[in-house]
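Per our numbering, the very first residue in the sequence shown carries number 24; after that it's consecutive.
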Amino acid sequence: MLGTLLNAGAIVLGAVLGRVVRGPWAMENQLFLKLLLGLAAAAAGLRLCWVSLWAEGFRAGLWQLAFVLLAMILGKLTGRLLGLQKFSNRLGRFARERLAALPPNRTPPVAEGLNVGAALFCAAPLGIFGAVAEGVAGGWLLLAALPLLIKAVMDGLATFGFARMFGWGIGLAALPVLAFQGTIFLLVAEFAAPWLAAHQLAGAVNATLGLLVFCVALVIFEVKRIALADYLPSLVFAPLLTWWLR
Numbered sequence: 024m025l026g027t028l029l030n031a032g033a034i035v036l037g038a039v040l041g042r043v044v045r046g047p048w049a050m051e052n053q054l055f056l057k058l059l060l061g062l063a064a065a066a067a068g069l070r071l072c073w074v075s076l077w078a079e080g081f082r083a084g085l086w087q088l089a090f091v092l093l094a095m096i097l098g099k100l101t102g103r104l105l106g107l108q109k110f111s112n113r114l115g116r117f118a119r120e121r122l123a124a125l126p127p128n129r130t131p132p133v134a135e136g137l138n139v140g141a142a143l144f145c146a147a148p149l150g151i152f153g154a155v156a157e158g159v160a161g162g163w164l165l166l167a168a169l170p171l172l173i174k175a176v177m178d179g180l181a182t183f184g185f186a187r188m189f190g191w192g193i194g195l196a197a198l199p200v201l202a203f204q205g206t207i208f209l210l211v212a213e214f215a216a217p218w219l220a221a222h223q224l225a226g227a228v229n230a231t232l233g234l235l236v237f238c239v240a241l242v243i244f245e246v247k248r249i250a251l252a253d254y255l256p257s258l259v260f261a262p263l264l265t266w267w268l269r
């Protein structure tokens, strides 16, 4: 839950700074921060994947990697059939349309900023990945919160820029983010995590999360456009395949 709280706090802080600080960030600072975020996502993803795969030895790690890759293939196919990425894209398109429709030289209603912020920040698959990672780990572990810390910085910077257009309303988007990601964390921690721990399947979920978080780094660096939302079902397939096939 630590990462979700920090994510919500970063949105509020970004809104405050966006109203107080005048002038945009220098481009070189934005590029440097983008580099740091990409490196942090790559490091967090690789670490989570490495620790989860090789904790029980090389041979077991190879089998686990095979299960995870199969889970990602099945998850991708399932996600595409369900239209998960298309739904995420629709939310992003809604936010862009609202931005384009803003009247010049006039602050829109508070609800407008809330709606746009909620659509943008809740549509990001990284929020779901991070909430699941925290739920599987349980407690208030900083390492488990790393994916959401990365998202917190990204959302905070976005809010900083949007605050000039939407006013304080964009900061209220912290509430739906807190509710959405917090609900995922509580459901995973309360129901999924005990079953995963009892059957020694947490590693399968964490390894899959690690690969997906690493893919976020590829998106940040604009190496490849990846339909991350379509891979969400792989978080279900990974433990089930490991349970059935190992």
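For every residue, glycine included, the Cβ atom is placed at its ideal position computed from N, Cα and C.
Bear in mind the structure is a predicted one, so any value in this text is a computation, not a measurement.
Could you tell me the alpha carbon to alpha carbon distance between A64 and F90, rounded to whole angstroms?
C-alpha separation (whole angstroms): 23 Å.
Which complete alpha helix (DSSP H) runs does the segment 175 to 263 hold, if anything under 4 residues is left out?
Taking only runs of at least 4 residues, the alpha helix (DSSP H) segments lying wholly in the segment 175 to 263 are 197 to 210, 216 to 221 and 225 to 243.
Quick one: Cα of I34 to Cα of R82, how far?
Distance between the alpha carbons of I34 and R82: 44 Å.
Would you mind sorting L219 into buried or exposed? The rule is 16 or more other CB atoms within 10 Å of its CB.
Per the 10 Å Cβ criterion, buried.
Mind checking N30: buried by the 16 CB within 10 Å criterion, or exposed?
Buried, by the Cβ-count rule.
Can you give, in chain order, each stretch of the beta strand (DSSP E) that sits fully within the segment 28 to 67 and has at least 3 residues?
Counting whole runs of 3 or more residues, the segment 28 to 67 contains no beta strand (DSSP E) stretch at all.
How big is the Cα-Cα spacing for V133 and A181?
So the two alpha carbons sit approximately 17 Å from each other.
Within a Cβ cutoff of 8 Å, which residues of the same chain sit near I151, ignoring the five residues on either side of it in sequence?
The answer, listed in chain order, is Q204, I207 and L255.
For L60, which option in K247, I193, L169 and G184 has the closest C-alpha, if you only look at C-alpha atoms?
The option with the nearest alpha carbon to L60 is L169.
Mapping DSSP to helix, strand and coil, what is A124?
A124: coil per DSSP, three-state reduction.
How would you write the range of the alpha helix (DSSP H) that W163 sits in, first residue to last?
Unbroken run through W163: none, as it is neither H nor E.
Leaving aside the five residues before and after F244 along the sequence, list all residues of the same chain whose C-beta is less than 6 Å from its C-beta, in chain order.
These residues qualify, in order along the chain: G61.
Are A230 and T265 closer than 7 Å when you measure CB to CB?
Taking 7 Å as the Cβ cut-off, A230 and T265 do not qualify as a contacting pair.
Below 8 Å, how does it come out for the segment 42 to 55 and the segment 231 to 241: are there three or more Cβ pairs, yes or no?
No: fewer than three Cβ pairs fall under 8 Å.
Starting from A78, trace the alpha helix (DSSP H) in both directions and tell me its first and last residue.
Run containing A78: none; DSSP gives neither H nor E here.
Please tell me whether W77 and G84 are closer than 7 Å, where the distance is taken between their beta carbons.
Result yes, Cβ atoms of W77 and G84 sit closer than 7 Å.
If L137 and G192 are in contact, beta carbons under 8 Å, what's the gap, nearest whole angstrom?
About 5 Å; that satisfies the 8 Å criterion.
Looking only at C-alpha atoms, which of W86, W73, V176 and E51 sits nearest to L36?
Selected option, being the one with the closest Cα: V176.
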